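Residue numbers (my numbering), protein chains in the order written: chain W, 187 to 756; chain A, 33 to 463; chain L, 17 to 205; chain E, 225 to 566.
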Amino acid sequence: MMDQENRNNILRLFFKQVAVAAAIVAILAALTLTVYYLSGQQGNIQDSPVLTALKAKLEKYPDNEKLLFEFRDQDLKERTAFFRKSSFLDYGKNIFIVFFLLALAAFRLKGVFTERLPEVKKGSETVYKTGELAGANIYMVSSGLTAVIILGLLGTFAIWGFQKLPFEPAETEIKEKVIDLSSAWNGFRGPAGTGLVKDGNYVKEWDIKTGKNIIWQIALPVKSYSSPVVYKDNLFLTGSEAKVLKVSCYDAKNGSLKWSSSVMVPVKLDDVEIMSEDAGGAGYAAPTTVTDGELVFAFFATDHLVCFDYAGKQRWVKYFGKSENTYGLSSSPLLWKKNIILQLDRGGEGLSKLVSLDRKTGQITWETKRPVGASWGTPAIIEYKGKNELITTGEEQVISYDPDTGKELWRVKCLTGEISTSPVYGDGKIIAIDVGSVSTVSAIIPGGAGDVTKTNIVWSMQEENQAINTPVTDGKLLVVAMNSLVVGQDIKTGKVLWKISLEDDFWASPSLVNGTIYVPSQKGKVYIVSYEGKLLGTMDMDSKCSASPAFVDGKIFIRSEKNLFCIGTR
Amino acid sequence: MKVNYKRVLIGAIFLYLVASPVFGEYKFPPPEFDTNYLVPVMRTVPARADWLVYLDIFILIEVILLSAWASLKRRSRNIVMLISMFSLLYFGFYKEGCICPIGAVQDIVLSLTNPNYYLPFTAVLIFIIPLVASLFIGRAYCGGACPHGALQDLLLLKEIKIPRWLDRSLSMLAYIYLGLAVLFALTDSVFLICKYDPFVPIFRLTGPFYMLLNGGFFVLLSLFIGRPYCRFLCPYGALLKPLALVSREKVTITPDKCIVCKLCEDSCPFGAINKPDKPERRKAKNRLVVLGLFISGLIAGGVLGNYTGALLATYNRDVKLAVEIYAYSEGEPEKIILSDYAKEYIRTGESSLLLYEKVAGVKNKFKTGGIYLGVWIMFVMGLQFLYAARKPKRDIYEPDSARCMSCARCFRDCPIERQEKSTGDGSRKQE
Amino acid sequence: MEENKTKKVSRMEFLKNLGRGALLLFLGITGGAALARVKKKPAVWQIDPAKCIQCGRCATECVLRVSAVKCVHNFSLCGYCNLCFGFFQAGQRELTSGGENQLCPTGAIKRKFVEYPYYEYTIIEKLCVGCGKCVKGCTAFGNGSLQLQVMHDRCKNCNECLIAKACAGKAFVRIPAEKAYITKEGRES
Amino acid sequence: MDRKIIFKNGIWILLVAAGLVGGYFMASSYIPGNTAVNEVKSDGAGNPALPENFKYDMAKLKQYDPRQLLYGEETKIKTGLKEPFGLTVNKKDGRVLVVSTEGMLVCDGAIAGKVAALPVRLEGPGSVSFGFAGELLLAGRDRVNIVSGTIIGFGKKGKGVGEFKYITSVKANAKYIFTADAGNRRVCKFDLKGKYLGQIGRKDKAAGKNFVIPSPHMDMDFDSKGNLWVANAGLLQLEKYSPEGVFVSSWGKHGINIDEFIGCCNPVNFVIDGGDNFITAEKGVLRIKKYDKTGKFLGVVAPPGTFNEKNTSIPLAVDSKNRVYALDTIEKTVRVFSEKGY
């Protein structure tokens, strides 16, 4: 018979040993689990290299039964191993928990049998023995120290946090510069989009073989139908090169390449099926760029509008979703106040729209759905009775919008076929041409509301030739370059004043330069025609000229399929 | 088979309710089987019933009240321990620690800035009840109802006393942690408290490795240090502290009969018992100096916090995405492997400038938040400093009501208390 | 002395009451503001199969070691195909359940002959890790009867779902708890 | 004291032994497999990269050799219909007919006309075709209408004789009208007045054939000899039946190569052109391919990526000039493909 104390002693010892032993097991289990956990698989089965190799082998020798069974064995083994591992973790976890709890309970029970009265621990007084004041000071000092440490940490973080994110704009706001675009050729068919040049001295004769009147010429690595655009010394071009979209900037003085940036769009061009130039389509980069003197905006048939600065850095990109335009998009962006206006006639239901984007950010300022299918013309902004109107041509109709809000003003149904010509404006009339086996030239007075087909068509006439480019007018004479025909008409009545038959085809738009007409052709010629309809000369180029030329400061920039020419007197 | 019928029936009703109004008629019929094969029903396990959530709230209130009764009225360590064991089992291992008031801080904060955020009614209750309770009965929640605290408390085996100055300094971390958690939650970046909670993975017995590691570390720590998470990190504890300071009822040891034996101070593993003191009066000049320091500290905190916030912004998912998109648009697209997020973002075709703008907004939020964070940290620091400088006159051992967790250990060790218990007057009334 | 003390205490008491009142008011305001934002109905996390792009993150991002997201089979949409692209790898050797033919990395789909030419495919939930490979195959080629769903017997309904944070397709939504699953019913191909 | 010692040592030994046994079980339940260490790479957003085996690469299946491309897209017709489901070409006058439940569109070549009302109300999408004598066969989900001056309608929902569940194709030759009913997995034969004559499939054990239709895609067409071809999509085969409806032969196999059919149930649509070649449309990997009359692969008409990926069927038609018309039901357009150099 043991007395109370002895029994307690034995139990205490017992629990102590249980606790220690259980703790040892628990610690071992924990260590094993940790090592195991870190040893690779964390809950998901992996393709092992052994299996992958076997699989490849199996594909090589599909009839080898032995290999097949080897694969299956290995596969089963690995799957089993994966779940064994999983159950191992669970099982090991349970062992750990049981032993850990056992250890904990044993320690507690040991405490129960170590009945001791609480007593003042020796030595615990020492810290505070330095006196009351000292005790208080310890708190002060530690608090102060903590404050210093935390301030230090904050300071360190602050130094790191001082760095800017790479895309953050500079603090100083760039002031709106007023940029004079009157002398530049900053977009499709010039600053006003008319193809009309009223001043400057341009040569009417050159020869690329002898180099007469050729200031410079360069070979273009990129391909597209888009026209060159010039602002000051910068000449911008777009094109696709080996399925990469490019925006390039050349020095207009000597033709040297300033930069050529790949357009960063998140699609592979192989994924975007577009009818190439060879197949009769518009290619990836038919729309002409436009620049506001600070930024260049390029639109591509991949439905991306991309903005570059003059250093060749891409600023923003806007994607409009996949389009269904058969030949590829070709409508060029238009500059309007702070916005870029883009006519997206992309075929498909609800895909056609007119969008206006903020130049700086690419944010959409307004968007108007268009009730038309695919078309390829660029809109024009005209001023009529003090009001600005945005004239668009499209499937079946000419529609006018308010360029500030995108609200539809009026529409005229006068077109048939596939529309690729852009509207022009002169003498208070909008000229719209449709494409078909027969081209109808219609003159429309702007203004009104709703469908004004019956009231607003002034005159219309048909020509048995195809016109896919845009005419040019100076308000009196209207020049239309049709298939194998260049026609001069009176814009007031539509009366044909003169006609020149040419064995040629015209995709590029004619330009009216100080009373002289320049018509680049698909056969690689530039026809120069006088105001009265006399063919002044035929300049041979090296290859077909599908892009409209740019006229700046007495220099003519002509893009042929392969080369870019700067023509003028030195 | 009864069960099968039931399942099929429930499934059919469910499918009818869900699908029929919209799609009902034109469903392509599944094959007709010659064998009597019964088309199984998609397995769906219903979510936890709604009323159970309210039951949890009820239990929470009961447990808090019970814990307060046990520590303030019954003054029994054993009962408090039993309650906390229950909480550990119920709120911890059964409910698996979610949703708890500690994490609810973030829900509340985020819902205040983002009206679309899903905030359940219970989250508000769970957040507010312990706070209100602490105004009247001290930190009874920490003592008995919090599974996190219960786990640490029960784990404490061999206490190692840490010096008071270290304890006071480390307890600052909780306020910084709270500030950071609020900042990250406000900006919809991440729920810091939940992500790095050490005990939830233990309640769940599973979790990502970093969480388990964190849990293991704190378990190890709790074996030797009394409630390390509660004292040094718990952001909810940081909220409870000032409330408990002005609590109506508070733990007192033996105000009338204290023999100044120091036993209670030794018994408290949380360093929450103040000892008697007879300070001299401090001079007003010193206070002025402290006040000056305090204000300049606030300003410094604000300025530094501003930039610290800018650094913290880089942990936001949108900011990371913007950095990635930027790298992509600047570099060669062929060479950069995009994350799925970036791919999805690009697929939507938004202008990258818009993202940058949004990110600039996020960063600004962080910067402003950083100012508040810095000021907040320095404010708390300053208070701590002032608190340290304060020297109240005290004749007896008294629990610091902000730090006291109502664990009732001091009663257990108090000789006077023991004596009264042994003479049979168990339920001693509190003075 | 005694009187003085009580006076002092009562002053302290008054200040404390004041503080308590102020804090209560503050709590009331916070609570009230939060209550204004409260969504009444209990909700749970779920995957919208229409948005799910099967990126595979469900398998790796969950707070649980084995994800709460599992593949479920919506049998009423299933075509009981012999050649099931949720089960077989593209370019399988033959139409058997041999390891070399199977798509599922854990072999969690059971293929059972029902009658010629129909086969039943059952998810062995214990083995499913929620990677969504089979879902991708079935969505692309079949009727889309396999889909990923959060299983509510496993989901902890965290207030911030880590998978939702990581989901590339933003397919994680909170839906009313009484209708805790989103089936593809009727959206058959 | 002895007992104490026994206690002391016994407990130690017992517990460690228990732990060791546990450990042994732990270890023995683990069969060492190949444990490739999970290399977690971080992507830009700071998230661990997905293990490679979670990727399911569809791009691989979409590859084709551009040299196999036989056709080019000639034009695209916008239908303006909300949910077009049926497409057919009248080989006599070359008019294209697109049908939706709310109306139909007649196109003259590539030029779309106006959307006109249907001559008869259709309950749900079905199929459309021109009969031998130029009559219009217009089928809803479970009812067939023969429109030629007068309208004869027959069929109702069900699985009995002369009943339908899900009509996916209706075609007629000089003597019979055949309906493909994907819901009942059978082809039914009627005379030109709509009188029920018999059926093929539907577990027709006597005929030895059975249609395996996992999804609502089951197409039919006649070849120049008047034989009926039915797409047994679940078997990925095209089956030939005599004009009387007796099984003759079949071709088609599954696989990932371009000349094979991939997926659970393909081809979803097919049409036989003037040269008895098969033009087949597949879902999953959306593509149109051409086979000769023996099932030899000739080339690709429309490569993967041509159609909106949400399409699950591409109704087809050919005209007398062997141009292929394909209906994109998502983008609601008719796309016209013609042989290169046409």
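The C-beta atom is built at its ideal place from N, Cα and C for all residues, glycine as well. As the structure is a computational prediction, the values presented were derived from the model and not from experiment.
Within chain E, the residues that residue i reaches when beta carbons sit closer than 9 Å
| i | result |
| --- | --- |
| GLY206/L | Look at the range of chain L in this structure, 17 to 205, and you will see that residue 206/L is not part of it. |
For residue i, the three-state DSSP class (helix, strand or coil)
| i | result |
| --- | --- |
| MET668/W | strand |
| MET647/W | strand |
| ALA260/E | Because ALA260/E carries a pLDDT of 28, less than 50, the predicted location of this residue cannot be relied on, and the following value inherits that uncertainty. If DSSP states are grouped into helix, strand and coil, ALA260/E belongs with coil. |
| TRP392/W | coil |
| VAL320/E | strand |
| LYS350/W | coil |
Range of the contiguous beta strand (DSSP E) that encloses residue i
| i | result |
| --- | --- |
| VAL82/L | From DSSP, VAL82/L is part of no beta strand (DSSP E); its letter is neither H nor E. |
| GLU298/E | 295-302 |
Straight-line gap, residue i to residue j (C-alpha atoms, nearest Å)
| i | j | result |
| --- | --- | --- |
| PRO256/E | ASN117/L | A caution first: PRO256/E carries a pLDDT of 37, below 50, which makes its placement in the model too unreliable to give a value. |
| THR219/A | ALA345/A | 9 Å |
| ASN98/L | PHE129/L | 9 Å |
| PHE55/A | TYR268/A | Residue placement at PHE55/A is poorly supported in this model, since its pLDDT is 38, which falls under 50; the coordinates still yield a value, given next. Approximately 48 Å between the Cα atoms of the pair. |
| LYS381/E | ASP415/E | 20 Å |
| VAL327/W | VAL321/A | 15 Å |
| PHE90/A | ASN90/L | 39 Å |
| SER466/E | ALA505/E | 23 Å |
| LEU84/A | ASN525/W | 58 Å |
| LEU336/A | LEU340/W | 6 Å |
| PHE309/E | GLY507/W | 24 Å |
| ASP447/E | ASN490/E | 19 Å |
Contact test: residue i Cβ vs the ligand NAP heavy atom, cutoff 7 Å
| i | result |
| --- | --- |
| ASP289/E | What this structure holds is no ligand at all, so the ligand NAP is not there to describe. |
For residue i, the first and last residue of its enclosing alpha helix (DSSP H)
| i | result |
| --- | --- |
| ILE357/A | 349-362 |
| ASN195/W | 190-224 |
| VAL298/W | 251-299 |
| PRO179/A | 179-187 |
Under 8 Å between C-beta atoms of residue i and residue j
| i | j | result |
| --- | --- | --- |
| LYS256/A | GLU297/A | The question names Lys, yet the displayed sequence has Phe at residue 256/A. Contact: no. |
| PRO308/A | ILE134/A | no |
| ARG501/W | ASP531/W | no |
| VAL351/A | VAL54/L | no |
| LYS599/W | GLU582/W | yes |
| GLU535/W | LYS300/E | no |
| LYS67/L | LYS200/L | no |
| ALA618/W | VAL584/W | yes |
Chain L contact residues for residue i, given Cβ-Cβ distances below 7 Å
| i | result |
| --- | --- |
| VAL335/A | None at all; the shortest Cβ gap to chain L is about 27 Å. |
Per-residue contacts from residue i into chain D (C-beta, under 9 Å)
| i | result |
| --- | --- |
| ALA629/W | Among the protein chains of the structure shown, namely W, A, L and E, there is no chain D. |
Interface residues of chain A facing residue i [CB-CB closer than 7 Å]
| i | result |
| --- | --- |
| TRP346/W | LEU343 |
| GLY476/E | Residues of chain A passing the Cβ test: none, with the nearest at roughly 21 Å. |
| TYR223/W | PHE241 |
Within chain W, the residues that residue i reaches when beta carbons sit closer than 9 Å
| i | result |
| --- | --- |
| VAL391/A | LEU351, PHE353 and GLU354 |
| ARG206/L | In this structure chain L extends from 17 to 205, so residue 206/L is not present and cannot be described. |
Contacts of residue i in chain E (Cβ-Cβ under 8 Å)
| i | result |
| --- | --- |
| PHE60/A | TYR390, ALA406, GLY407, SER439 and PRO440 |
Chain W contact residues for residue i, given Cβ-Cβ distances below 8 Å
| i | result |
| --- | --- |
| PHE256/A | Here the premise fails: no neighbours, minimum Cβ distance about 12 Å. |
Proximal residues of chain L, C-beta to C-beta of residue i below 9 Å
| i | result |
| --- | --- |
| ARG258/W | GLY114, GLY115 and GLU116 |
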